[in-house]
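Q:
Numbering (full-length UniProt numbering), first residue to last: 1 to 954.
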């Protein structure tokens, strides 16, 4: 039985937003408290980087006749009832309209229904029926149907579905082929590829390829082999097979179709062999082919039609599908768009009609006088939703404040009469359905969500929903705190309520969270600007910049002074501003690309006043070649046509601003002999940069997916871990999409890595808290043993560069692992101990990520346990006290530790900095676990080419 997850929508809205903001504040540090405070205010303001979320209702569509009925009435071929099981399941009204339009009226159609509306059936049923009606000619090879998708990710899902359908044929008459860049040329390699694919499947997916009689004859250990055998009966797996005998249905994307039309092999063996027998062209996600891309695809379709002998309009049927083509008001434009894309006339746009609440659920019941709107809202706001496997009496008591007693009793009796008396989770789903389906509050919410997606905040304050106006606070704003919790609980109850396991919930809804990337932080350079933000806790600190903006501006809206882009050192948080100055003095914005910043002599790195002082914690070791930048003067002068910039070799000194002049400190490389600018490759305040990042000073731009990963982590944590029900367990899952195939591939691997690293950090912190003594101290060995024990106990997919170890558990004979990946106790203990050591080395002994460690957040630190004899020896040698000796020895050993001069016994070769593959991070430990850093007690000889990483003690 399926287990449904109970996600708190209020927490999903607020926690993802909070973590998004926290990530940006952490990843883009600002030492200046006023700048940090202003940046935080901008991030917290709706409309800047995030919008209030939207809720979209997804009530089921109006239903119509079943496949079985259409077969009986002669609309569909008799074998269609075998392919689409159960054949008595009713189709949606728009699915039947599409079938009739294509098969009976011979129309070309555009299917413009929503996501999850069954668009696939709108073309797959007419498509298969068309093929079955010419079953006597199916022995003749050749493509009859072409299905065109915009990307492989969409193709893969449909291939699985088509495979399941065609495997239900009594005799494998209809065959299909999947032709993309991933399709192997050789049949044997194609079989090996699909074997790897099937090995990653849930076995339930493979069992779906067989009918009941076949299932009884298939043994579990031969499931994959039998599934491959079954698949090869209906699917041509390799290019060679498709060349030799083109399938009836060909699935591809438009990029591959273009290659196929160019190459003689495919053009001759596939398309020319399909002349005069081609029947139907299906284009999925047609809205993606607009603009220039649409023109290219339209020409591509014309070339394809010519290649298969379609030289007259009306000879083939065309179907376009999309969930993003507006409403009925644009149907005329949609038909014209389809006509231009396909070069064929289109008959109609098929749209879906959703059921009303009354039609689906019946009329709402009347609430008794004692259940007034204010009380229902108040109770929903304090409702503690029980666990789904809690006794039904507990649910009964909780709902008694919002549901009439007679409804609760009737549902309880109906449930007891129709189901076994034992308390199981499905009983609760059904109970909630019975007591809530005609509740006026539920039906009002369904009505509100019946049109377009609605703003969360608008529904929270909706008088139409609650039946009352929310109270007003003293500041004039609506007091919506209780209403937010009440709405969240109402949505949770509605999504848990189900009539049958395969049905939609009572409240099928989607929650849309809207965020955008950070594209820069900009500051007015006038510290006297009226829009300047001041941190209330730091009144003594000088304000150096004016109003802040999250979008590029030339002139401040408050004081008309220049606005420049801000950046900060990722190590110490020193703030800088940048401008690009032309020879004429004209000021321009920075180029967006990182590469365009390097070696750009027209970019000037500036600060308002002198540099902030830095602490010892922020200092880094400077190599012999590094020289502190010189500080000159950059003058902003207001002229007739606006502000211009002038450079000067004059040493910078703070000056009072005049009405038409502003002076900033210009930081340039020490060896510059001219007036050229530069984007500093090291921070002028702390020297950070070389050996860590290509650019020392980071712009406030989210070039990476880090912010998205932070939000996804939040959502994943909010998903409750489902309990196992029988032998069928459902784990938490997170599905993400990306516009580009390459982006999706990189994001998937990066997110898995960063998520695992966060999990390791959390486990380290929890391990310490479990075993620390009363003084809050424990040893490294104890932590290693505690982590090792946890790894042997909990099923965690540990990443590793070795394919046979990658993402497998260290739990001995872990039932969650595939049989081939299970490890014996000795191997598991060895792997677990190595990984535990690696985690401690990365957390406490490598400088690459110092700012984000548990030590940086003042949660944990790691010091050597000093021997008393050593303390006394040092104190005597240098004539200092024992306490002073402890301080010196601790500082020295901390320098050794934090510089990475630590070795470990063995390494998993996963993390680049601990001996793994070469990556963007500096490698500190080789593959044998030995440190690659060195400690010199005297200055090494001059060597310009030396690349060793070491501190120097003179």
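Glycine is no exception: its CB is placed at the ideal position from the N, C-alpha and C atoms.
So which of 359, 69, 33 and 284 has the shortest CA-CA distance to residue 158?
A: Position 158 of the chain shown, counted from the first residue, corresponds to residue 158. When only C-alpha atoms are compared, the closest one is 284.
Q: Quick one: what's got a C-beta closer than 6 Å to residue 833's C-beta in the same chain, skipping five residues either side?
A: Here residue 833 is taken as the residue at index 833 of the chain shown, counted from 1. Hits under 6 Å: 788.
Q: Since residue 36 is in the alpha helix (DSSP H), which residue starts that stretch and which ends it?
A: As a first step, residue 36 must be located in the chain shown, where it is residue number 36. Where residue 36 is concerned, the enclosing alpha helix (DSSP H) stretches over 33-44.
Q: For the beta strand (DSSP E) that contains residue 525, what are its first and last residues?
A: For this step, residue 525 is matched to residue 525 along the chain shown. Run containing residue 525: none; DSSP gives neither H nor E here.
Q: With DSSP as the reference, label residue 576 as helix, strand or coil.
A: Reading the chain shown from its first residue, position 576 is the one you call residue 576. Looking at residue 576 - three-state DSSP - the assignment turns out to be strand.
Q: Which residues in the same chain have their Cβ closer than 6 Å to the Cβ of residue 836, if we skip the five residues on either side of it in sequence?
A: Residue mapping note: residue 836 aligns to position 836 of the chain shown, counting from 1. Only 784, 787 and 788 meet the Cβ criterion.
Q: So what does residue 448 bridge to, in DSSP terms?
A: The count along the chain shown starts at 1 and reaches residue 448 at position 448. DSSP, once it has assigned bridges, lists no residue as partnering residue 448.
Q: Please work out which residues of its chain come closer than 7 Å, Cβ to Cβ, to residue 668, disregarding the five sequence neighbours upstream and downstream, and give them in chain order.
A: Residue numbering aside, residue 668 sits at position 668 when the chain shown is read from its first letter. Closer than 7 Å at the Cβ level, and outside the excluded window around residue 668, lie 629, 630, 632, 677 and 678.
Q: Who are the Cβ neighbours of residue 141 in its own chain at under 7 Å, not counting the five residues just before and after it?
A: Counted from its first residue, the chain shown places residue 141 at position 141. Here the set comprises 245, 246 and 273.
Q: Can you tell me where the beta strand (DSSP E) holding residue 813 begins and where it ends?
A: Counted from its first residue, the chain shown places residue 813 at position 813. Element bounds for residue 813: n/a, residue is neither H nor E.
Q: Verify whether the separation of the beta carbon atoms of residue 281 and residue 301 is less than 9 Å.
A: By 1-based counting over the chain shown, the position of residue 281 is 281. By 1-based counting over the chain shown, the position of residue 301 is 301. Contact flag set, yes.
Q: Per the DSSP calculation, residue 607 is bridged to which residue(s)?
A: Translated into positions along the chain shown, residue 607 becomes position 607. DSSP lists 665 as partners of residue 607.
Q: Determine, using beta carbons only, whether residue 474 and residue 490 come nearer to each other than 9 Å.
A: Residue 474 sits at position 474 when you count from the first residue of the chain shown. Residue 490 sits at position 490 when you count from the first residue of the chain shown. Taking 9 Å as the Cβ cut-off, residue 474 and residue 490 do not qualify as a contacting pair.
Q: Which residues in the same chain as residue 734 place their Cβ atom closer than 8 Å to its Cβ, once the five residues preceding and following it in sequence are excluded?
A: Mapped onto the chain shown, residue 734 falls at position 734. Hits under 8 Å: 712, 715, 716 and 719.
Q: Within the chosen definition, does the stretch 125-134 reach the stretch 144-152 through at least 3 CB pairs nearer than 8 Å?
A: Yes, the stretch 125-134 is in contact with the stretch 144-152.
Q: Determine the closest residue to residue 369 out of 341, 286 and 403, with distance taken between C-alpha atoms.
A: One-based indexing of the chain shown puts residue 369 at position 369. Residue 403 is the option with its Cα nearest to residue 369.
Q: Counting pairs of beta carbons, one from the stretch 213-220 and one from the stretch 169-181, are three or more of them closer than 8 Å?
A: Judged by Cβ distances under 8 Å, the stretch 213-220 makes no contact with the stretch 169-181, as fewer than three pairs qualify.
Q: Which first and last residues belong to the alpha helix (DSSP H) in which residue 382 is found?
A: Within the chain shown, residue 382 is the residue found at index 382, counting from 1. Counting along the chain, the alpha helix (DSSP H) containing residue 382 begins and ends at 373-382.
Q: Does any heavy atom of the ligand NAD sit closer than 8 Å to the C-beta of residue 74?
A: No copy of the ligand NAD occurs in the structure displayed, which carries no ligand at all.
Q: If residue 184 and residue 239 are in contact, beta carbons under 8 Å, what's the gap, nearest whole angstrom?
A: For the purposes of this step, residue 184 is taken as the residue at position 184 of the chain shown. For the purposes of this step, residue 239 is taken as the residue at position 239 of the chain shown. That pair is a contact at about 7 Å.
Q: Whose CA, out of 773, 584, 565 and 232, lies closest to the CA of residue 605?
A: Start at 1 with the first residue of the chain shown, and residue 605 comes out as number 605. Minimum Cα distance to residue 605 is reached at 565.
Q: What number of angstroms, rounded off, separates the C-alpha of residue 685 from the C-alpha of residue 611?
A: Start at 1 with the first residue of the chain shown, and residue 685 comes out as number 685. Start at 1 with the first residue of the chain shown, and residue 611 comes out as number 611. Approximately 6 Å between the Cα atoms of the pair.
Q: What separation, rounded to the nearest whole angstrom, lies between the Cα atoms of residue 698 and residue 569?
A: By 1-based counting over the chain shown, the position of residue 698 is 698. By 1-based counting over the chain shown, the position of residue 569 is 569. Looking at the two C-alpha atoms, the distance is approximately 6 Å.
Q: Can you name the start and end residues of the alpha helix (DSSP H) that residue 841 belongs to?
A: Stepping through the chain shown from its first residue, residue 841 is reached at position 841. Start and end: 825-844.
Q: What does the Cβ neighbour count give for residue 235, buried or exposed, with the cut at 16 atoms within 10 Å?
A: Taking the chain shown and counting its residues from 1, one reaches residue 235 at position 235. The residue in question, residue 235, is buried, as its Cβ has 16 or more Cβ neighbours within 10 Å.
Q: Give the secondary structure of residue 642 by DSSP, where H, G and I count as helix, E and B as strand, and everything else as coil.
A: As a first step, residue 642 is located in the chain shown; it is residue number 642 there, counting from the start. Residue 642 falls in the strand class under three-state DSSP.
Q: Within 10 angstroms of its Cβ, does residue 729 collect 16 or more other Cβ (buried), or is it exposed?
A: By one-based count along the chain shown, residue 729 stands at place 729. For residue 729, the predicted model reports a pLDDT of 41, less than 50, meaning its position is unreliable and no value from the coordinates is stated.
Q: Would you call the stretch 747-767 and the stretch 44-51 in contact, with 3 or more CB pairs under 8 Å?
A: No, the stretch 747-767 does not touch the stretch 44-51.
Q: If I follow the unbroken beta strand (DSSP E) through residue 252, where does it start and stop?
A: Against the chain shown, residue 252 aligns to sequence position 252. Run containing residue 252: 249-253, per the beta strand (DSSP E) assignment.
Q: Along the chain, which unbroken stretches of the alpha helix (DSSP H) at least 4 residues long are found entirely within the stretch 484-536?
A: Those alpha helix (DSSP H) runs which fall completely within the stretch 484-536 and span 4+ residues do not exist here.
Q: Residue 32: buried (16+ other C-beta within 10 angstroms of its C-beta) or exposed?
A: Along the chain shown, one-based indexing puts residue 32 at 32. Residue 32 is buried by the Cβ-count criterion.
Q: Tell me, to the nearest whole angstrom, how far the beta carbon of residue 840 is from that of residue 765; I am working on the premise that it is less than 8 Å.
A: Sequence index remark: in the chain shown, residue 840 carries index 840 (1-based). Sequence index remark: in the chain shown, residue 765 carries index 765 (1-based). With 8 Å as the limit, residue 840 and residue 765 do not qualify as a contact, their Cβ atoms being about 12 Å apart.
Q: Output needed for residue 135: all residues of its chain with C-beta closer than 7 Å, excluding positions within five of it in sequence on either side, in chain order.
A: Walking along the chain shown from the start, residue 135 turns up at place 135. Cβ neighbours of residue 135 beyond the five flanking positions: 173.
Q: Which residue spans inside the stretch 332-401 form an unbroken alpha helix (DSSP H) run of at least 4?
A: Fully enclosed alpha helix (DSSP H) runs of 4 or longer: 357-361, 373-382 and 392-399.
Q: Does any C-beta atom of chain B lie closer than 9 Å to the C-beta of residue 401?
A: Given the protein chain composition of this structure (a single chain), no chain B is represented.
Q: Beta carbon of residue 838, beta carbon of residue 811: below 9 Å?
A: Along the chain shown, read from residue 1 onward, the residue named residue 838 stands at position 838. Along the chain shown, read from residue 1 onward, the residue named residue 811 stands at position 811. Not a contact, by the Cβ cut-off of 9 Å.
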